[in-house]
Amino acid sequence: MGDPRTTVFVVDDDKAVRNSLRWLIESVGLAVETFGSAREFLSAYDPECPGCLVADVRMPGMSGVELQAVLVERSVQIPVIFISGHGDVPMAVRAMKAGAEDFIEKPYSDQLLLDRIQQVIRVDAERRREARRRNEAHERYGLLTARERQVMDLVVDGRANKQIASQLNLSQKTIEVHRSQVMKKLQVQNVPDLVRIAGLVAGPLGKP
Amino acid sequence: MQDRSIGGTDGAAPAARELRLAIPRDDRDLFENAPGAYFVADAEGRVRAANRALADLLGRALSEIEGAPFARFVVGADREKLGLLLENSRSDDLTLRCDSAVVHANGTEIPIVALVSAIPGEGPRPSGFRILLVDVSAHRTAERELHRREEMLRSLIDNTTAVIYAKAADGRYIFVNTQFEKLFGVTREELRGKTDHDIFPKENADVFRANDIEVLQSGRPIESEEVAPHSDGAHTYISLKFPLFDAQGVPYACCGISTDITERIRVRSAERRHQAELAHAWRLATVGEMASILAHEINQPLFAIVNYAKGCVRRLRSGSGDTSEILEAMEIVASQAERAGEIVRRLRAFVRKEEPVRRPVDVSDVVKESVALEEFEMTQNGVRLDLDLDGSLPRVLADTIQIEQVLLNLMRNAVEAMLNEPVRDRAMSISTAMGDSSSVIITVRDAGRGISEDIAKRVFESFFTTKPRGMGLGLAISRSIVEAHGGRLWFEPLPKGTAFRFTLPVETEGGPTNG
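Top line first, the protein sequences correspond to chains A and B. Just so you know, the numbering used here puts 219 at position 208 of the first sequence, and the rest follows in order with no gaps. Just so you know, the numbering used here puts 1103 at position 162 of the second sequence, and the rest follows in order with no gaps.
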């Protein structure tokens, strides 16, 4: 698994239950942190840290549904898997509608839980990588001068140097210099990579 | 005098004086001072001589009265009547009577009775009249008061929703009130001379007559429940019957006031039924509530156990866990299992708090009580009930409420088992009998489809049900109640339907053996 900081956060008010989840999840080599309440988790959680959250949907204090709402409000994108007891399904469904990744009804097979955890962690990692790329692209794009951006746009549009030169009333030589500056600043080797970066820049900034 | 010009004739007063002087002295005193208003009139009705009492009655001086036509002092409406009476009288009429009223000088009308005797004349016509006026105003007031009171009583009797009647000793109606007429569709006139047997079905009439006779013979009031047919079915009445006595103190009639309590009975039984249902629902709710809490409480340690155990399995399979770590996890598994066990123990202790109260009871009474609670449901679903209760059974030691629960449950199952049958086939029977020498056996039979073999194996299982909305606890709870009483609950297939039977041990010498 990519990021060594990847952690499964377990929130359950029953100590035996959360420790047992730690024991089970650690058996597949994942790092686990446990919390006795949603509040404890919220105050300790660093959004930079990849992984996922496994929580009981029914807890005293802040319930799973309320926790989900707070995460949405804070734009925290950690994937959440709710565990629901029999009869809590309606509550879990509400949590899902509020954006929870999944819910698993007790009793369940350990394999199912572990598979789901690993799946959402992969999704989280991918999302983070994507966000990181997007942020890097924005950062590098910020280094370009106005003229360089102009040249970049036309290259991405598929124009040849000669066309660009005539359109901008510049010499072909000058265009070649700008173009190599763009490739250097954006750290790309070829036009397809440049097009990809342009796509990332067109989108919004990514969240960690 | 003024009057004289109005009604009198000149010379009337001297005539009176003459007349009076013509009477012997003692008699004259008698005439003048008699306590009744008395006067002598001529053939035309003119007052010839009057006594003091008349003057007092009219509030006028004698001089005003004598010589005046008597009609002047009579209320306008009666003048003609009185005139006709005098005109048509004959010499030999000894006493004529006329109800009328005179007008006092102050305007008050005074009711009187005039007693008139003719003074024989030469022809068939009398030559005059002796007239005595009797003031009947006190009498009239009393009469009016009596009438008012009678009217009030009549209104009371006719406006009450109670049925009121009086029957002679031979059973013939002598009085009924309006409600009676309305309810039974007969008029007073039609009822005259009729007896209960003429208007009611024999089975009702026999009971009415028997109660009437008891009242007449004992001479005392009795209260009893009576059933009378109505257009919408039989109604139940509470009847208070009492004798009427003649002057010799012999009862000559039986009077009765009957109040319809059908609705009251219906409401009361509906209320009782509702109570029983609430109690039942409460019990089920409590069981459901407890089941939910219990499920959660036991689920937590079980969940932890599964996670620890699976975590161990994974480590042992992959060889990644060290022994001390796995041992520790297994310890936790054991302690979580104990935690689950502790929850079950606590639950048991909680359940035991509801100790049954067992007393010696007559099983037939319990059956009747339960039937009363379920009767409405049975009637509603067209189920006929046949009770075959042995009245000579020894008492059993039982918690009445719990045994009622068992019976209610079996009755409801029986009713529901027959809902798909045609109404004419919906027959249920409950019987009580001696089982062996030490137990009483109660049987609830239905005429439903019976219980198929695969279901038969599971009917007493908790949470097993064939009903769309059943909880599957009825028979399981019933069996546990019966067994807690030291009895047995089972069922036997019938050619048509099923018989559920249970036993309860007979109360042994020395009273309750357990609580």
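Glycine included, C-beta positions come from ideal geometry on N, C-alpha and C. In this text, all values refer to a predicted model and were calculated from it rather than measured experimentally.
Contacting residues, own chain, Cβ-Cβ under 6 Å from S1305(B) (five flanking each side not counted): Only L1330, T1373 meet the Cβ criterion.
Between the CA atoms of G1197(B) and Y979(B) - distance to the nearest angstrom: Looking at the two C-alpha atoms, the distance is approximately 52 Å.
C60(A) - DSSP class collapsed to helix/strand/coil: C60(A) falls in the coil class under three-state DSSP.
Whole-number beta carbon distance between L1132(B) and V1117(B), since they are thought to touch under 8 Å: Correct: roughly 6 Å between the Cβ atoms.
Neighbourhood of G1134(B) by C-beta distance below 7 Å, restricted to the same chain and skipping five residues each side: For G1134(B), same chain residues with a beta-carbon under 7 Å away, outside a window of 5 residues either side, are R1113 in chain order.
Between the CA atoms of L82(A) and Q88(A) - distance to the nearest angstrom: Looking at the two C-alpha atoms, the distance is approximately 7 Å.
Straight-line Cα distance separating T45(A) from N30(A): Cα-Cα distance, rounded: 7 Å.
Whole-angstrom distance between V65(A) and A55(A), CA atom to CA atom: Near 15 Å, if we compare the C-alpha coordinates of V65(A) and A55(A).
Distance between E137(A) and Q183(A) (C-alpha atoms, nearest Å): One C-alpha to the other measures close to 40 Å.
Reduced DSSP secondary structure (H/G/I, E/B, other) of R987(B): The answer is strand: DSSP assigns R987(B) an E or B state.
Per DSSP, the bridge partner or partners of G1174(B): Looking at the DSSP assignment, G1174(B) forms a beta bridge with H1171(B).
Closer than 8 Å at the beta carbon, the chain A residues around N1248(B): Ordered by position in chain A, the residues that pass the 8 Å Cβ test against N1248(B) are V28, S31, L32, W34, L35, D121.
Against chain B: residues of the region 65-80 of chain A by CB proximity under 9 Å: Sequence-ordered contacts of the region 65-80 of chain A with chain B read R69 [C-beta pairs closer than 9 Å].
Buried/exposed call for T276(A), threshold 16 Cβ in 10 Å: Since the first residue shown for chain A is 12 and the last is 219, residue 276(A) is missing from the structure and cannot be characterised.
Any C-beta of chain B under 8 Å from that of G96(A): Between G96(A) and chain B, the shortest Cβ-Cβ separation is below 8 Å.
Between the CA atoms of D1033(B) and R945(B) - distance to the nearest angstrom: Its pLDDT being 38, under 50, R945(B) is placed unreliably by the model, and the measurement read from it follows with that caveat. About 31 Å.
Presumed contact (8 Å Cβ cut-off) between V1385(B) and L1349(B), rounded CB distance: That belief does not hold up - the Cβ atoms of V1385(B) and L1349(B) are roughly 10 Å apart, past 8 Å.
Opening and closing residue of the beta strand (DSSP E) in which L1445(B) lies: Run containing L1445(B): 1439-1446, per the beta strand (DSSP E) assignment.
Beta-carbon gap between Q1241(B) and D25(A) smaller than 8 Å: Contact: yes.
The ligand MN heavy atom lying under 7 Å from the CB of K195(A): Within the structure as shown, the ligand MN is missing, as the structure has no ligands at all.
The region 135-154 of chain A contacting the region 117-127 of chain A, beta-carbon criterion three pairs below 8 Å: They do not touch, by the three-pair rule.
Uninterrupted beta strand (DSSP E) stretches inside the region 1001-1086 of chain B (no shorter than 3 residues): Fully enclosed beta strand (DSSP E) runs of 3 or longer: 1037-1044, 1050-1060, 1069-1076.
Neighbour-count burial assignment, T1444(B), 16 or more Cβ in a 10 Å radius: Buried, because 16 or more other Cβ atoms sit within 10 Å of the Cβ of T1444(B).
Reference E1167(B); option with closest CA among I1051(B), Q1158(B), T1203(B): E1167(B) has its Cα closest to that of T1203(B), out of I1051(B), Q1158(B), T1203(B).
Any 3 or more C-beta pairs closer than 8 Å across the region 165-173 of chain A and the region 197-207 of chain A: A contact is defined here as three or more CB-CB pairs under 8 Å, and the region 165-173 of chain A meets this definition with respect to the region 197-207 of chain A.
Between the CA atoms of R1256(B) and N1248(B) - distance to the nearest angstrom: Distance between N1248(B) and R1256(B), taken at the CA atoms: about 12 Å.
Boundaries (first-last residue) of the alpha helix (DSSP H) holding G1415(B): Annotation: the continuous alpha helix (DSSP H) that includes G1415(B) extends over 1415-1425.
R993(B) beta carbon less than 8 Å from that of E1021(B): In terms of Cβ geometry, E1021(B) and R993(B) do not form a close pair [threshold 8 Å].
Per-residue DSSP class, three states only, for M1369(B): Correct three-state label for M1369(B): strand.
Chain A contact residues for R1255(B), given Cβ-Cβ distances below 9 Å: Chain-ordered, the chain A residues with CB closer than 9 Å to the CB of R1255(B) read L35, S38, V39, D121, L125.
Burial state of E59(A) (16 or more Cβ within 10 Å): By the C-beta density criterion, E59(A) is exposed, having fewer than 16 other C-beta atoms within 10 angstroms.
Per-residue burial, N1361(B) [other beta carbons within 10 Å of its own, 16 or more giving buried]: Exposed, by the Cβ-count rule.
Neighbourhood of A49(A) by C-beta distance below 8 Å, restricted to the same chain and skipping five residues each side: Only V22, A66, M70, G72, M73, S74, G75, E77, L78, V81 meet the Cβ criterion.
Distance between P61(A) and D14(A) (C-alpha atoms, nearest Å): Near 7 Å, if we compare the C-alpha coordinates of P61(A) and D14(A).
Three-state secondary structure (DSSP) of R158(A): In the structure shown, R158(A) sits in a helix (DSSP, three-state: H, G or I).
Chain A contact residues for H1237(B), given Cβ-Cβ distances below 8 Å: Within 8 Å of the CB of H1237(B), the CB atoms of chain A belong to G96, in sequence order along the chain.
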